[in-house]
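So the sequence shown is residues 18 to 204, counted in the working numbering.
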Amino acid sequence: MKSTILILTVFFIISCNTENKRFSFIISKVKSCNVDIFMGINMRPRQIKDGIYQVPYFLKELDGRRYILPNYLYYGYSKNDLINLVDTTKNRFNIIEFAKANGVNNKKEALSFTGDYIEKVISEYTEIGVVKVLSHSSIGECVIFYLDSEHYIAYVFDLDKVYNEYWQSRFVPENKVEDNWYSNIKM
């Protein structure tokens with residue numbers, strides 16, 4: 018009986034230590050990423066492939082409007098293959114509208130502009146290895162990176178401009194990791 022308790026205790030300590038190491042690794046990547054690129058973005062994976070979270074599309078909020086932008090590679094298409102993408106997915110993406118909101122009006126340039134933007138966002142997301150990203154004007158000026166379904170690290174651009182009560186209660190001194198960074202992970 019004592020040996021079973023000892024084995025379970027050792028297993029628990031090792032698994033907690035492994036999770037802390039994984040979180041530390043991801044947090045270091047998040048803290049060194051281009052946080053600005055995720056402002057106004059909501060990303061949620063649909064599957065995991067080869068240990069990497071796969072996002073078929075993401076939402077980008079800009080000037081009060083939300084744009085649905087596809088991850089071309091998720092569907093197996095090259096950047097800007099809009100015709101086949103829409104045919105396959107039956108989704109209405111806002112590629113041209115997003116480019117126009119950024120001052121790009123020519124259709125060919127709009128496809129290129131938005132395709133480049135999507136590649137940057139997906140590449141950065143894949144590189145940092147988080148589960149999901151949450152940033153929306155109803156929350157405020159912050160980007161929340163989920164390391165799993167419950168643990169997060171958040172970059173808060175301006176604490177006075179966090180409007181959501183839930184997140185106001187999370188961005189408190191005891192959860193502050195360092196300047197502008199907050200987390201519910203106790204390491």
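Built from N, CA and C at the ideal position, the CB exists for glycine as well.
Bear in mind the structure is a predicted one, so any value in this text is a computation, not a measurement.
* Asked: When you compare only the Cα positions, how much space is there between Ile-202 and Lys-107?
  -> Here the question's residue 202 lines up with position 185 in the sequence shown. Here the question's residue 107 lines up with position 90 in the sequence shown. Approximately 40 Å, taken between the alpha carbons.
* Below 8 Å between beta carbons: does that hold for Ile-54 and Val-138? -> Along the sequence shown, read from residue 1 onward, the residue named residue 54 stands at position 37. Along the sequence shown, read from residue 1 onward, the residue named residue 138 stands at position 121. Cβ atoms of Ile-54 and Val-138: closer than 8 Å.
* To do: Could you pull out every unbroken alpha helix (DSSP H) segment of at least 4 residues lying fully inside the region 113 to 190, listed in chain order?
  => 124 to 145, 182 to 187
* To do: Could you spell out the range, first to last residue, of the alpha helix (DSSP H) harbouring Asn-101?
  => Counting from one through the sequence shown, the residue named residue 101 turns up at place 84. Taken as a continuous stretch (DSSP letters only), the alpha helix (DSSP H) holding Asn-101 covers 99 to 106.
* Whose C-beta lies closer than 8 Å to the C-beta of Leu-176 among residues of the same chain, with five residues either side of it excluded? -> Along the sequence shown, read from residue 1 onward, the residue named residue 176 stands at position 159. Once the five neighbours on either side are set aside, the close Cβ partners of Leu-176 are Phe-188.
* At least 3 beta-carbon pairs within less than 8 Å: the region 117 to 135 vs the region 159 to 169 -> no
* Bridge partner(s) assigned by DSSP for Asn-88 -> Here the question's residue 88 lines up with position 71 in the sequence shown. None; Asn-88 has no bridge partner.
* Asked: Exposed or buried, Leu-25, counting other C-beta atoms within 10 Å across all chains shown (16 or more means buried)?
  -> Walking along the sequence shown from the start, residue 25 turns up at place 8. At Leu-25 the pLDDT is 32, less than 50, meaning the model places this residue with poor confidence and gives no usable figure here.
* Asked: So, is Thr-131 buried or exposed, given that buried needs 16 or more other C-beta atoms within 10 angstroms?
  -> Taking the sequence shown and counting its residues from 1, one reaches residue 131 at position 114. With 16 or more Cβ atoms within 10 Å of its Cβ, Thr-131 is classed as buried.
* Asked: Residue range of the beta strand (DSSP E) that Tyr-74 falls in?
  -> Numbered from 1 along the sequence shown, position 57 holds the residue referred to as residue 74. Run containing Tyr-74: 74 to 79, per the beta strand (DSSP E) assignment.
* Is Thr-21 helix, strand or coil when you go by DSSP? -> Looking up residue 21 in the sequence shown gives position 4. With a pLDDT of 43 at Thr-21, under the threshold of 50, the modelled position of that residue is not reliable, and no figure is offered here.
* Reducing DSSP to helix, strand and coil, say where Lys-193 ends up. => Against the sequence shown, residue 193 aligns to sequence position 176. Three-state result, Lys-193: strand.
* From what residue to what residue does the beta strand (DSSP E) around Met-60 run? -> Numbered from its first residue, the sequence shown carries residue 60 at position 43. It spans 58 to 60 - the beta strand (DSSP E) in which Met-60 sits, taken as one unbroken run.
* Asked: Going by DSSP, what residues sit across from Ser-70 in a beta bridge?
  -> Translated into positions along the sequence shown, residue 70 becomes position 53. Looking at the sequence provided, one finds Tyr at residue 70 rather than Ser. When beta bridges are read from the DSSP output, Tyr-70 appears opposite Ile-65.
* Asked: Would DSSP call Ser-49 helix, strand or coil?
  -> For this step, residue 49 is matched to residue 32 along the sequence shown. Coil.
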